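In this note's numbering, the protein residues as written are 99 to 482.
We treat Cβ as the ideally placed atom computed from N, Cα and C, and that holds for glycine.
Values in this document were obtained by computation on a predicted structure and should not be read as measured data.
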Ligand SMILES: Cc1ncc(COP(=O)(O)O)c(C=O)c1O
C-alpha cells in the first residue's frame with residue numbers, strides 16, 4: 099500500500115515510536131501524578147519529557163504552559179468556549195476546519211459574532227488589510243480573538259503567520275493558531291512569548307504520535323476557562339479546578355501511552371532534523387505538483403506552487419473524487435476524497451459540495467511512491 103493520507107493521520111510511524119511504545123506500555127504505564135510510587139513517577143517523567151519537547155518545537159520557554167488533551171479538536175473547543183462570551187467578536191480565516199467552525203456555530207447562537215479575516219482568492223490572509231481594519235477600530239471594539247489555520251488541510255496553503263502574529267501583538271488581540279497540518283512540517287515563524295496566543299497541536303499527523311493525543315499552549319497573558327473539571331492528582335480537597343497550568347486544563351487521567359508515543363515521534367523528528375524533514379517533504383511535494391501539471395484533466399485546488407503543508411487537493415475532470423479514491427485504493431494507493439471537514443475552504447475554492455481528492459505526504463514517503471501515484475492518475479485520466 100502506498101499511503102498518501104498523512105493529513106488524516108500519518109502512517110506508518112517511525113520505527114522507534116513502535117518499539118518504544120511497546121516497551122513503555124509493558125514496563126512503565128502507570129497513572130502520573132496519582133501516586134508517589136516509582137511507576138507513577140516514571141509515567142510522570144515521560145509526560146514531562148514530551149512537554150519539554152513540545153516547548154522546544156514551539157520555542158516556548160515555559161513548558162508548563164502546555165497542557166495535554168485529545169488533539170486539535172479538544173484544544174480549539176477549549177479556547178473558543180473558554181474565552182469567548184456573548185457580545186464578543188471573533189475573526190477567522192477562510193480556510194478553517196470544522197473543529198473551529200462547529201464550536202463557533204454554537205458560540206454564535208450564544209451571541210458571539212463571527213466574521214472572516216480579509217483574504218485573497220486562495221484564502222491567504224492579507225496582513226495589510228487586517229492591519230488597517232484593526233487600526234480603524236477603537237481598542238474596545240476590536241475582536242476578542244483572531245483564529246488562523248496555519249496550513250490548510252484542503253489546499254496546504256500556509257498563512258503568513260509571522261505577520262498576523264505581529265499584528266496580534268501590536269494591537270493586543272489574542273490569536274488562536276491551529277497547527278494540525280503544520281506542526282512538524284513548517285516552522286511557527288514567530289516567538290510565542292511575544293504574542294498573546296494559544297497554539298493548538300495534534301499529535302498524530304506530522305509529529306508522528308498516535309491518534310487521540312494533542313496539546314494546547316496558552317500564553318501567560320490569557321486565561322482560558324476549562325471545558326472539563328475533575329481530578330488533577332493534587333490539591334484534591336479544594337472544590338475548584340486549579341488556576342495554574344498545566345493542571346488547570348488537564349482534568350482526568352491523561353492519555354499516557356499517547357503522550358509517550360508523541361514524545362518518541364518528536365525525538366525522531368529532532369534526531370532527523372526539522373530542516374531535513376522539511377526539505378524532503380518539499381521535494382516530494384514538488385515531484386507531485388510537477389507530475390500533476392502534466393495531466394491535462396487534473397485541476398489542483400488552492401495553490402500556486404510548492405510550499406506550505408505537503409498535501410495537494412485535486413479534481414479530475416470527468417470523474418467524481420470519491421470514485422477516483424476508490425479506483426486508487428484498488429491500485430493500492432490510499433488517498434482521501436470529500437470535503438475533508440472543511441466545507442468553507444471547498445466553497446472558497448469552488449469544489450463544494452463534491453469536494454476533491456487529497457494526496458498528503460509525510461517525511462516517510464519516498465519519491466518512487468509519489469511517481470507511482472502520479473503514473474496511476476495519468477493512466478486513469480487517459481482512460482477517460
Ligand atoms: C486543520 C485541522 N484542524 C483540526 C483538525 C482536528 O484534529 P484532531 O482530529 O486531531 O482533533 C484537523 C484534522 O484533520 C485538521 O486538519
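Three-way DSSP call (helix, strand, coil) for residue i in this model
i           : result
residue 148 : helix
residue 351 : coil
residue 41  : Since the first residue of the chain shown is 99 and the last is 482, residue 41 is not available in this structure.
residue 276 : strand
residue 269 : helix
residue 312 : strand
residue 462 : coil
residue 103 : strand
residue 397 : strand
residue 108 : coil
residue 142 : helix
residue 223 : strand
residue 283 : coil
residue 293 : coil
residue 196 : helix
Residue of the options minimising C-alpha distance to residue i
i           : options            : result
residue 450 : 468, 456, 421, 441 : 441
residue 387 : 401, 374, 366      : 401
residue 429 : 411, 141, 470      : 470
residue 254 : 398, 389, 477, 418 : 398
residue 420 : 410, 171, 406, 436 : 436
residue 318 : 131, 222, 118, 158 : 158
residue 410 : 454, 292, 353, 99  : 454
residue 346 : 367, 353, 355, 314 : 314
residue 154 : 290, 334, 141, 117 : 290
residue 426 : 135, 119, 479      : 479
residue 292 : 468, 242, 156, 283 : 156
residue 389 : 444, 177, 477, 316 : 477
residue 182 : 220, 231, 243, 196 : 243
residue 404 : 391, 415, 383      : 383
residue 226 : 422, 256, 265, 207 : 265
residue 176 : 102, 160, 205      : 205
residue 272 : 341, 296, 102      : 296
residue 438 : 99, 107, 101       : 107
Inter-residue spacing [alpha-carbon to alpha-carbon] between residue i and residue j
i           : j           : result
residue 137 : residue 461 : 34 Å
residue 308 : residue 129 : 18 Å
residue 203 : residue 124 : 43 Å
residue 475 : residue 248 : 29 Å
residue 495 : residue 169 : With the chain running from 99 to 482 in the structure shown, residue 495 is simply not present.
residue 267 : residue 395 : 45 Å
residue 330 : residue 344 : 10 Å
residue 250 : residue 352 : 29 Å
residue 209 : residue 185 : 6 Å
residue 187 : residue 235 : 12 Å
residue 299 : residue 144 : 18 Å
residue 448 : residue 122 : 47 Å
residue 118 : residue 364 : 13 Å
residue 287 : residue 259 : 7 Å
residue 142 : residue 368 : 22 Å
residue 134 : residue 140 : 10 Å
residue 434 : residue 103 : 6 Å
residue 366 : residue 126 : 20 Å
Where residue i falls, given that 16 or more other Cβ within 10 Å makes a residue buried
i           : result
residue 377 : exposed
residue 357 : buried
residue 375 : buried
residue 361 : buried
residue 303 : buried
residue 218 : exposed
residue 424 : exposed
residue 385 : buried
residue 270 : exposed
residue 252 : buried
residue 172 : buried
residue 276 : buried
residue 246 : buried
residue 222 : buried
residue 446 : buried
residue 465 : exposed
residue 239 : exposed
residue 333 : exposed
residue 339 : buried
residue 207 : exposed
residue 105 : buried
residue 327 : exposed
residue 416 : exposed
residue 473 : exposed
residue 120 : exposed
residue 392 : exposed
(request) For the region 310–327 and the region 104–116, state whether three or more C-beta atom pairs, one from each stretch, are separated by less than 8 Å. (result) no
(request) Could you tell me whether the region 132–150 touches the region 203–217, using the rule of 3 or more Cβ pairs below 8 Å? (result) no
(message) For the pair the region 157–167 and the region 189–209, tell me if three or more CB-CB distances fall below 8 Å.
(response) no
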